[in-house]
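Trainee: Order-wise, the sequence lines are chains A and B.
Per full-length UniProt numbering, residue 1 is the first one in the first sequence, and the count goes up by one each step.
Per full-length UniProt numbering, residue 1 is the first one in the second sequence, and the count goes up by one each step.
From the three backbone atoms N, C-alpha and C, an ideal C-beta is built for every residue, glycine too.
The structure presented is a predicted model; accordingly, all values stated were derived computationally and were not measured.
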Amino acid sequence: MSVIATEELTKRFPRVTALDRLTVEVPTGVTGLVGANGAGKSTLIKILLGLAPATEGRAQVLGMDVRTDGPAIRERVGYMPEHDCLPADVSATEFVMHMARMSGLPSTAARERTADTLRHVGLYEERYRPIGGYSTGMKQRVKLAQALVHDPQLVLLDEPTNGLDPVGRDEMLDLIRRVHTDFGISVLVTSHLLGELERTCDHVVVVDGGKLLRAQATREFTRTTGVFTVEVDALADGSDGTDETHRALAELGLPVERDGRLLHVTVDDERGYDLIRDAVDGLGVGLVRLQQRRHRIAEVFTKENAGV
Amino acid sequence: MSESNFAGRGTGVIHDIGYRHYDGRRGGRPQIRRALYVQSLRGVFGLGRAARTKILPFTLASFMVLPAVILVAVQMVMGSTTPVLPFASYAIVVQAIPALFLAALAPQTVSRDLRFHTMPLYFSRPLTYKDYVAAKFAGMTSALFILFAVPIVVLYAGALLAKAPFLSNTGDFLMALVAAVFLSALLSVIGLLIASLTPRRGLGVAAIITLMAGSFTVVSAVQGITTGLDQQGVAAWAGLFSPMTLFAGAQDLLPGVRYEGVAEPSTAGQVVFAIVLLALIAGGYALLSLRYKKVSS
């Protein structure tokens, strides 16, 4: 089932076309939306929330039409903006509770869900202190909490790791993963850091200049290649086994590239592991590493861009 | 999340009961509008917020009531059965206090959401800019109405205690409350419109106080001079140019209400004053909506 579906979605501003006949489906799970600044990510989010009309084309969120069902969509969708949006002079508890009320929750439910949600995003005693004194990481958690407090079916997260240090970034990515795995809420997350999306997302949508460049499952992007990386240790007599192995593999007619102590062997079929294992076994060297290399999203992205 | 994630988090043990979905009622726009209205009204008086935010509104509100208490005491001592001051004139006589109240509290009602860029969070929820404007306007208007109504109630209670005629006083009392609704709406729309134009609270405060006090001072001066020159007509029309004198002229249309000011308009003039007052409220509300329509897009 798809949580978001757009069809020839177009948004033109007087000077620029922000979305250009974008047709894409976002399935349940965690989906990354990748694109350079100005690629149309923010415009797409606004249209999906029913806040800005599309010039042409159609879009559905959770099966509802963005043109006519804006309020109903916004009742079931959470949104975490990229920029700072928190009042400095109230506590996280007060603020998130107010936002829960603004989503239509009765006050008792708002209070309970605020406490639950803040705990889930990892805010404890500090939630009673004014937000002005929070670290960036804590502020991002409050922003995420206000997007989750009304128990949406889908959250739109705009650059949630912006401004975080490496540890904070890892924690936020784990949290985003859990939003889907533990809470059962689908996620559309924008980022310009491909490595992050690789780790977090089930699917990746790449947009550029308002056009769809690619939409695929992450595992397709990072599918295995026919290249095996082989590393061996020294021979019994102390000499380096890498040369020996290189020669042995080459004799089997396999293309081998040497990269320091690593050998990259290209085998086009399933027999890769067996062939290499047998070849190395015959030499009497210890096999340290034998792994199939994977693509990274970045490589695909670079290739696509080069081709455009 | 497993329990181990909480390890070393300090004091008590927190038992994670996992994520719970919410299957309860969702109120939709009417309930959200009401919740925002109540929150805005309470916010004006600092209720549900830090103690220091309550000081200013409650100080001003007590200054607003104090003269009424004194007037009632005077009436009691004199043993008079007619109120010292007509109920409907009270707000105009103490006009500096509501002006200060508006200047201090209208900006904090709307500018916080602008200053902290919180508006996108509202608009990513079911409510629209129309709901937001309606709730904020109703909240500020109600707060001002409470500010005006309490001393009028005190005066009315004092009049009844002094055994003033019940029927005529009750009529005057109700008319004064009706007038207070219009005055509250007028001041509210002026204050919110100015405050919504700047995310900076201090600027909003200064602009509102300048407009309220400045226009009142200029109009009073013009009225004083023109009355001295025996130009009663000019003096009366000058009242159009300050919110308080505009209201004073317009409310004279209500039965039994008569403000004894420096220069009051004729009956035809009162109609013009009333039309201008209503047009200002409607026009100001439309501009406020336009302002937030722009914010929401």
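Listing by chain order, which chain B residues have their CB less than 8 Å from the CB of Pro166 (chain A)?
Mentor: The contacting residues do not exist; Pro166 (chain A) stays about 19 Å from chain B at best.
Trainee: Ser196 (chain B) and Ala236 (chain B): beta carbons closer than 9 Å?
Mentor: For Ser196 (chain B) and Ala236 (chain B), no; Cβs fall outside 9 Å.
Trainee: In chain order, what residues of the same chain lie with their CB nearer than 8 Å to the CB of residue 353 (chain B), ignoring the 5 residues before and after it?
Mentor: Nothing about residue 353 (chain B) can be read from this structure; chain B reaches only from 1 to 297.
Trainee: How would you call Pro83 (chain B), buried or exposed, if buried means at least 16 neighbouring beta carbons within 10 angstroms?
Mentor: buried
Trainee: Nearest to Ile208 (chain B) by CA position, among B:Leu66, B:Ile97, B:Val72 and B:Gly43, is which residue?
Mentor: B:Ile97
Trainee: Taking only the alpha-carbon atoms, compute the straight-line gap between Arg74 (chain A) and Leu86 (chain A) and give it to the nearest angstrom.
Mentor: 19 Å
Trainee: Around the C-beta of Ala286 (chain B), are 16 or more other C-beta atoms found within 10 angstroms, so that it is buried, or is it exposed?
Mentor: Counting Cβ neighbours within 10 Å, Ala286 (chain B) comes out exposed, since fewer than 16 surround it.
Trainee: In whole angstroms, what is the alpha-carbon distance linking Leu240 (chain B) and Thr227 (chain B)?
Mentor: 16 Å
Trainee: Starting from the C-beta of Gln291 (chain A), find all residues in its chain whose C-beta is less than 8 Å away, skip the five residues before and the five after it, and write them out in chain order.
Mentor: Phe228 and Thr229
Trainee: With DSSP collapsed to three states, give me the class of Ile185 (chain A).
Mentor: coil
Trainee: Which residues in chain B have a C-beta closer than 8 Å to the C-beta of Gln146 (chain A)? List them in chain order.
Mentor: Leu121
Trainee: Please list the partners that Tyr19 (chain B) has in chain A, where partner means a Cβ-to-Cβ separation under 7 Å.
Mentor: His120, Asp182 and Phe183
Trainee: Tell me where the alpha helix (DSSP H) around Ile55 (chain B) begins and ends.
Mentor: Arg52 to Met78
Trainee: Using alpha carbons as the reference points, say which of A:Ala72, A:Arg58 and A:Glu244 lies closest to Arg26 (chain B).
Mentor: Shortest Cα-Cα distance from Arg26 (chain B) to any of A:Ala72, A:Arg58 and A:Glu244 involves A:Ala72.
Trainee: Is Arg113 (chain A) close to chain B, meaning its C-beta is less than 9 Å from at least one C-beta of that chain?
Mentor: Chain B, which has a Cβ nearer than 9 Å to the Cβ of Arg113 (chain A), makes this yes.
Trainee: Should Ser191 (chain A) and Val30 (chain A) be called a contact, given that it needs their Cβ atoms to be closer than 9 Å?
Mentor: no
Trainee: Taking just the CA atoms, how far does Glu198 (chain A) sit from Gly307 (chain A)?
Mentor: Low per-residue confidence applies at Gly307 (chain A): pLDDT is 47, beneath 50, and the placement is therefore not dependable, though the value from the model is reported in the following sentence. Inter-residue distance for Gly307 (chain A) and Glu198 (chain A) is about 22 Å (C-alpha atoms, whole angstroms).
Trainee: For the 8 Å Cβ check, are there 3 or more pairs between the segment 109–121 of chain A and the segment 163–178 of chain B?
Mentor: no
Trainee: Starting from the C-beta of Ser2 (chain B), find all residues in its chain whose C-beta is less than 6 Å away, skip the five residues before and the five after it, and write them out in chain order.
Mentor: Confidence at Ser2 (chain B) is low in this model, with a pLDDT of 43, below 50, so the placement of that residue is unreliable and no value is reported for it.
Trainee: Between Asp20 (chain A) and Leu9 (chain A), what straight-line distance do the alpha-carbon atoms span, to the nearest angstrom?
Mentor: Straight-line Cα distance between these residues: approximately 7 Å.
Trainee: Can you give the beta carbon distance from Arg67 (chain A) to Pro53 (chain A), rounded, assuming they're within the 8 Å contact cut?
Mentor: 7 Å
Trainee: Decide if Asp172 (chain B) is buried, meaning its Cβ has at least 16 other Cβ atoms within 10 Å, or exposed.
Mentor: buried
Trainee: I'd like to know if Gly307 (chain A) contacts chain B, where contact means its C-beta is closer than 9 Å to some C-beta of that chain.
Mentor: For Gly307 (chain A), the predicted model reports a pLDDT of 47, less than 50, meaning its position is unreliable and no value from the coordinates is stated.
Trainee: Given this structure, state the Cα-to-Cα distance separating Val77 (chain B) from Leu290 (chain B), to the nearest angstrom.
Mentor: 53 Å
Trainee: Under the three-state reduction of DSSP, which class applies to Thr43 (chain A): helix, strand or coil?
Mentor: helix
Trainee: Report back the beta-carbon spacing between Val133 (chain B) and Leu254 (chain B) to the nearest angstrom; my notes put them in contact at under 8 Å.
Mentor: Not a contact, Cβ separation roughly 28 Å.
Trainee: In chain order, what are the residue ranges of uninterrupted beta strand (DSSP E) at least 3 long that sit wholly in the segment 46–91 of chain A?
Mentor: The segment 46–91 of chain A contains these whole beta strand (DSSP E) runs: 56–61 and 77–80.
Trainee: Taking C-beta to C-beta, are Ala143 (chain B) and Ile281 (chain B) nearer than 9 Å?
Mentor: no
Trainee: In terms of residues, what are the limits of the beta strand (DSSP E) holding His203 (chain A)?
Mentor: His203 to Asp208
Trainee: Tell me the DSSP secondary structure of Ser2 (chain A) in three-state form.
Mentor: strand
Trainee: Rounded C-beta distance between Val110 (chain B) and Leu192 (chain B)? I'm assuming under 8 Å.
Mentor: 6 Å
Trainee: Compare the C-beta of Pro81 (chain A) against all C-beta atoms of chain B and say whether one is closer than 9 Å.
Mentor: True, the Cβ-Cβ gap to chain B drops below 9 Å.
Trainee: Going along the chain, which residues of the segment 69–93 of chain A sit with their C-beta nearer than 7 Å to a C-beta in chain B?
Mentor: Pro71, Arg74, Glu75, Tyr79, Pro81, His83, Asp84, Cys85, Leu86, Pro87 and Ala88
Trainee: Distance check for Arg101 (chain A) and Phe45 (chain B), CA to CA, integer angstroms please.
Mentor: 20 Å
Trainee: To which residues of the same chain is Ala213 (chain B) closer than 8 Å at the C-beta, ignoring the five residues directly before and after it?
Mentor: Ala96 and Ala99
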